[in-house]
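One structure is given here, and the rest of the page talks about it.
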Amino acid sequence: MQVPGPFEYERATGVDHAIALLDKLGDEARVIAGGHSLLPMMKLRLANPEFLIDINDLAGELGYIDVGDGVVRIGAMVRHRELLESDDLAAVFPIFRDAEKVIADPVVRNRGTLGGSLCQADPAEDLSTVCTVLDATCVLRGPSGTRELSLADFQLGPYETAAASNELLVEVRLPRHGNGSSAYAKVERRAGDWAIAAAGAAVWMNGKTIEQARVALTAVRPDPGALAELGEFLRGAEPSEELFREAGARAAAACNPDADQRGTADYKRHLASELTVRTLRRSVERLAVAERG
Ligand SMILES: Cc1cc2nc3c(=O)[nH]c(=O)nc-3n(C[C@H](O)[C@H](O)[C@H](O)COP(=O)(O)OP(=O)(O)OC[C@H]3O[C@@H](n4cnc5c(N)ncnc54)[C@H](O)[C@@H]3O)c2cc1C
C-alpha cells in the first residue's frame, strides 16, 4: 500500500500558531517538516495521523544556525543542506559536515530538517549520533512555555520521544568548551543509504592529554552507559594508536547489533570498532592541524 490514509491539512503561520493547532487537535495531529520520514511512514500506513500541520513556513523563525562563543544554537527547521553548507558550523563542529556528506541525497537534504531527524528518533539516524556526541540539549515549546531536555532524555527509544502531543521541538543547543574537534564516519551499502554502522567522536584536549571525549554509534543498538564509560576511559590519556584501538574494542563491546540484510552482528561490531578508531584519530588530527594554523 503506497497511498496514505485520508487526513486534514493545515499550514501553520508561526510557532505559536503551530502549538495552538497541536493543542486544539490533540493526539491525532502530527506536524510535518521535511516529510522525508513521516510521508514514507504514512504511505506504508505505519503512521495514520488525522491532521497534518505543515511547519515549513516556520523556516524563518526556526531556520537559524547561531555559533556563539559558549553555545551553538540551531533552529529545528534548519535543513540538512544548510547544516552541510555552513562554514561557521563546520569550523567549530566538523562532525556535522562529515555526517551530512553521507546522509541520503540532495533531494532529501534539501527538505529534511534537524528537528525532524531528532523527533523521528530512528536508531539509524545520523544526526542523533552527531547530537549525542556534542551533548545536545533539546528545547521544546508548548502552550505553557519552554522546557529543556538532554537528547538522552528526549529520545526515549526507537521512534519515541518525550515531546508531548502539543509540543514542538524548536531548538537544539550544543555547548562549546575548550580546545576540541570532532568527526563522523559511516559505512553504507551504497552512497546515500542508511548506515550499516557509523560512529561519531569528539575530543577536547588539555595540552597533550585528553580532557574529555565522547563517542556515539549509529544503527548498532549501543549501550549509552558503556559509551559513557568509554569516555571516562579516554579522559586524562595521551592520544595514541594503541589508545584508539582499545577504545574501538570497547565500543564494539558496548553495542548489540541486530543481524539483517545489511550484515551480520559480528560485521557491524567490527565496523563499530574500526569507525570509532577512525573518528577518534581524525578528531585529534584535526586539532593538530588547527594548532599548526
Ligand atoms: C531516501 C531517503 C534516504 C534517507 N537517508 C538517510 C540517511 O542516510 N541518514 C539519515 O540520518 N536520515 C536519512 N533519511 C531521513 C532524512 O534525514 C529525514 O529528513 C529525517 O529523518 C526527518 O526529517 P524531516 O524534516 O523530513 O521530518 P518529517 O518526516 O517531517 O517528520 C519526522 C517526525 O518528526 C516530527 N517532527 C518534525 N519536526 C518536528 C518538530 N520541530 N517538533 C516536533 N515534532 C517534529 C513529525 O511529526 C514526524 O513524526 C533518509 C530519508 C529518505 C527519504
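Letter by letter, the sequence shown follows residues 37 to 329 of the working numbering. The beta carbon of each residue, even a glycine, is placed where N, CA and C say it ideally should be. Quick caveat: nothing in here was measured; it's all calculated off a predicted structure.
Measuring alpha carbon to alpha carbon, tell me which of the options ends up nearest residue i.
i      : options                           : result
Leu75  : Asp63, Ile89 and Gly62            : Ile89
Glu86  : Asp259, Arg314 and Lys60          : Lys60
Gly193 : Val39, Lys222, Pro260 and Glu97   : Pro260
Leu270 : Ala221, Ala56, Arg66 and Val320   : Val320
Asp105 : Gly236, Ala249, Trp240 and Leu210 : Leu210
Ala112 : Gly299, Ala65, His306 and Leu163  : Leu163
Ala295 : Arg286, His306, His213 and Ile110 : His306
Lys137 : Glu196, Val223 and His72          : Val223
Asp63  : Glu121, Asp171, Ala200 and Asp124 : Ala200
Val23  : His53, Tyr45, Arg318 and Arg81    : No information on residue 23 is available, as it lies outside the stretch 37 to 329 that the chain covers here.
Thr149 : Val114, Asp171, Arg250 and Leu170 : Val114
Ala285 : Pro275, Glu274 and Thr312         : Thr312
Gln248 : Leu316, Glu282, Gln191 and Ala289 : Leu316
Gly214 : Arg226, Val169 and Ile246         : Ile246
Ala252 : Asp124, Ala235, Arg133 and Gly267 : Ala235
Pro258 : Ala135, Thr168, Leu125 and Gly41  : Thr168
Ala237 : Thr300, Asp171 and Ala289         : Asp171
Within a Cβ cutoff of 6 Å, which residues of the same chain sit near residue i, ignoring the five residues on either side of it in sequence?
i      : result
Val256 : Ala233, Cys291, Pro293, Lys304 and Ala308
Arg117 : Arg145 and Asn146
Ala228 : Note that residue 228 is Gly in the sequence shown here, rather than Ala. The residues are Ala140 and Asp141.
Gly267 : Ala249 and Arg250
Gly70  : Arg147, Gly148, Thr149 and Gly152
Grab the span of the beta strand (DSSP E) containing residue i for me, first residue to last.
i      : result
Thr300 : Per DSSP, Thr300 belongs to no beta strand (DSSP E) and is neither H nor E.
Asp102 : Ile101 to Val103
Arg66  : Ala65 to Ile68
Arg47  : Glu44 to Arg47
Asp90  : Phe87 to Asp90
Near residue i, what residues of its chain come up, given a Cβ to Cβ distance below 8 Å and the 5 sequence neighbours on each side ignored?
i      : result
Gly50  : Asp93, Leu94 and Glu97
Ala160 : Trp230, Ala231, Thr254 and Ala255
Arg66  : Leu74, Ala83, Pro85, Phe87, Leu88 and Ile89
Tyr195 : Gln156, Ala157 and Asp158
Would you report the Cα separation of residue i and residue j, rounded to the nearest angstrom?
i      : j      : result
Asp302 : Ala56  : 48 Å
Ala127 : Phe43  : 43 Å
Val239 : Glu277 : 15 Å
Met77  : Gln156 : 11 Å
Lys79  : Tyr220 : 31 Å
Arg298 : Gly181 : 43 Å
Pro130 : Glu203 : 30 Å
Met241 : Leu323 : 8 Å
Ser217 : Glu310 : 19 Å
Leu187 : Thr173 : 6 Å
Leu205 : Phe280 : 35 Å
Asp102 : Ala287 : 32 Å
Lys244 : Glu265 : 21 Å
Tyr100 : Glu207 : 9 Å
Arg183 : Asp52  : 15 Å
Asp123 : Val325 : 17 Å
Could you pull out every residue in the same chain whose Cβ sits closer than 7 Å to the Cβ of residue i, ignoring the five residues on either side in sequence?
i      : result
Arg47  : Asp90 and Asp93
Asp189 : Ala198
If you follow the alpha helix (DSSP H) that residue i is part of, which residue opens it and which one closes it?
i      : result
Arg115 : Unbroken run through Arg115: none, as it is neither H nor E.
Val128 : Asp123 to Val128
His53  : Val51 to Leu61
Leu363 : In this structure the chain extends from 37 to 329, so residue 363 is not present and cannot be described.
Arg142 : Residue identity check: residue 142 is Pro in the sequence provided, not Arg. First-last of the alpha helix (DSSP H) with Pro142: Pro142 to Arg147.
- Task: Tell me the start and end of each unbroken beta strand (DSSP E) in the segment 155-215 that is at least 3 residues and wholly inside, in chain order.
- Result: With a minimum length of 3 residues, the continuous beta strand (DSSP E) runs that stay inside the segment 155-215 are 173-178, 181-186, 191-193 and 204-211.
- 4-residue-minimum alpha helix (DSSP H) runs that sit fully inside the segment 242-279, ordered along the chain: Unbroken alpha helix (DSSP H) runs of no fewer than 4 residues, entirely contained in the segment 242-279, are found at 260-270, following chain order.
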